[in-house]
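Worksheet: the structure to be examined is printed underneath.
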Amino acid sequence: MYRFLLSRQWVILTLVSLLLIPTMIRLGFWQMHRYDERTARNQLVSDALTADAVPVEQLTTPGHAVTRGERYRSVTATGTFDTEHEVVVRRRVNADETVGFHVLTPFVLADGKVLLVDRGWIPADAPSQTSFPKVPAPPAGRITVTGRLMPDETTAASGIKDLKGLPDRQVMLINSEQEARRLGARVLGGYIAQTAPEPKGDSPELVGRPGSEDAALNYAYAIQWWLFSVGVPVGWVILVRRETRDRAQAAAREAEQAEPATV
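The numbers in the sequence shown follow the working numbering, run straight up by one, and end at 265.
And the structure:
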């Protein structure tokens with residue numbers, strides 16, 4: 003009755019089914035791994051955003067690589083903005099996905115160390131891409147700034163190419179090592195995305211809070227893959243039963259046609 007399972011078509015179908023089952027199970031576990039990673043990342047971000055602000059030099063020093071646990075921590079610093087050495091970061095978008103620049107201004111602390119401050123986004127309204135855009139001035143004199151601590155940007159982590167030969171005072175990446183060489187100063191590792199004081203006239207536009215990743219979607223995908231892995235053998239059994247039934251019905255019709263007609 004089931005000899006048809008040895009046919010080429012059914013052997014291939016059975017082998018494909020046997021391969022699909024463990025593949026789908028593994029995909030389900032991979033999605034659960036992504037769910038755990040995203041949940042942990044969301045918790046780290048939440049913990050960092052709700053933690054009390056601390057002086058920046060409690061978390062970073064010149065040459066320090068900002069860790070995952072330190073990222074997004076709220077920090078404070080007191081000093082003065084050095085607008086003479088201010089640069090803009092190319093190809094950055096705001097909340098509306100409009101391409102412009104981020105304004106990166108060195109902030110000189112009392113001991114001479116420098117903190118890089120991303121003051122926010124401005125539109126690309128210069129006459130040309132080679133022109134330095136009009137940048138709103140930061141507060142003058144000695145002030146205290148607050149911001150979210152961020153790690154240095156690299157091409158490997160961000161996917162942004164560090165293009166060479168850019169116009170004067172324009173960069174592609176925010177990187178404390180590169181800025182330390184340019185400024186000839188002791189620059190604290192990483193940088194901060196400024197959150198306070200808020201700029202006059204809402205420009206530069208402050209960088210928004212980091213969003214949470216949709217971990218629940220990965221959980222749903224994991225369940226989906228595991229349901230698919232169960233559905234494969236169920237579907238195979240259904241196809242076998244249907245094939246058996248169709249063959250039985252075809253054999254019955256052939257038998258009826260083969261019977262001699264009664265006189």
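Quick reminder that beta carbons are idealized off the backbone N, C-alpha and C, glycines included.
Would you kindly work out how many angstroms separate the C-alpha atoms of residue i and residue j, rounded to a whole number?
{"i": "Ser178", "j": "Pro64", "result": "8 angstroms"}
{"i": "Val105", "j": "Ala217", "result": "32 angstroms"}
{"i": "Pro129", "j": "Phe103", "result": "14 angstroms"}
{"i": "Val18", "j": "Ser9", "result": "14 angstroms"}
{"i": "Asp113", "j": "Arg144", "result": "13 angstroms"}
{"i": "Leu29", "j": "Met174", "result": "37 angstroms"}
{"i": "Ala79", "j": "Tyr37", "result": "36 angstroms"}
{"i": "Ser160", "j": "Trp12", "result": "48 angstroms"}
{"i": "Ala224", "j": "Val95", "result": "33 angstroms"}
{"i": "Gly219", "j": "Arg255", "result": "Inspection of the sequence shows that residue 219 is occupied by Leu rather than by Gly. Whole-angstrom Cα-Cα distance: 52 angstroms."}
{"i": "Val242", "j": "Ala250", "result": "12 angstroms"}
{"i": "Asp49", "j": "Ala139", "result": "33 angstroms"}
{"i": "Arg73", "j": "Arg184", "result": "24 angstroms"}
{"i": "Gly71", "j": "Val234", "result": "43 angstroms"}
{"i": "Gly210", "j": "Ala97", "result": "7 angstroms"}
{"i": "Asp84", "j": "Ala187", "result": "12 angstroms"}
{"i": "Asp54", "j": "Leu61", "result": "13 angstroms"}
What would DSSP say about residue i, mapped onto helix, strand or coil?
{"i": "Glu207", "result": "strand"}
{"i": "Phe103", "result": "strand"}
{"i": "Tyr4", "result": "coil"}
{"i": "Gly122", "result": "strand"}
{"i": "Arg79", "result": "Residue identity differs from the one stated: residue 79 is Ala in this sequence, not Arg. Note: Ala79 maps to strand in three-state DSSP."}
{"i": "Arg36", "result": "helix"}
{"i": "Val234", "result": "helix"}
{"i": "Leu22", "result": "helix"}
{"i": "Phe134", "result": "coil"}
{"i": "Leu165", "result": "coil"}
{"i": "Leu117", "result": "strand"}
Just to confirm, are residue i and residue j a CB contact at a threshold of 8 angstroms?
{"i": "Glu245", "j": "Phe6", "result": "yes"}
{"i": "Pro108", "j": "Val116", "result": "yes"}
{"i": "Trp238", "j": "Ile27", "result": "no"}
{"i": "Leu151", "j": "Val68", "result": "yes"}
{"i": "Lys166", "j": "Thr157", "result": "no"}
{"i": "Tyr193", "j": "Leu118", "result": "yes"}
So what does residue i bridge to, in DSSP terms?
{"i": "Arg70", "result": "BP columns for Arg70 are empty, so no partner."}
{"i": "Ala198", "result": "Thr148"}
{"i": "Gln172", "result": "Val90"}
{"i": "Tyr193", "result": "Met152"}
{"i": "Leu111", "result": "Gly81"}
Check whether the region 118-129 touches the region 194-202, taking contact to mean three or more Cβ pairs, one atom from each stretch, closer than 8 angstroms. yes
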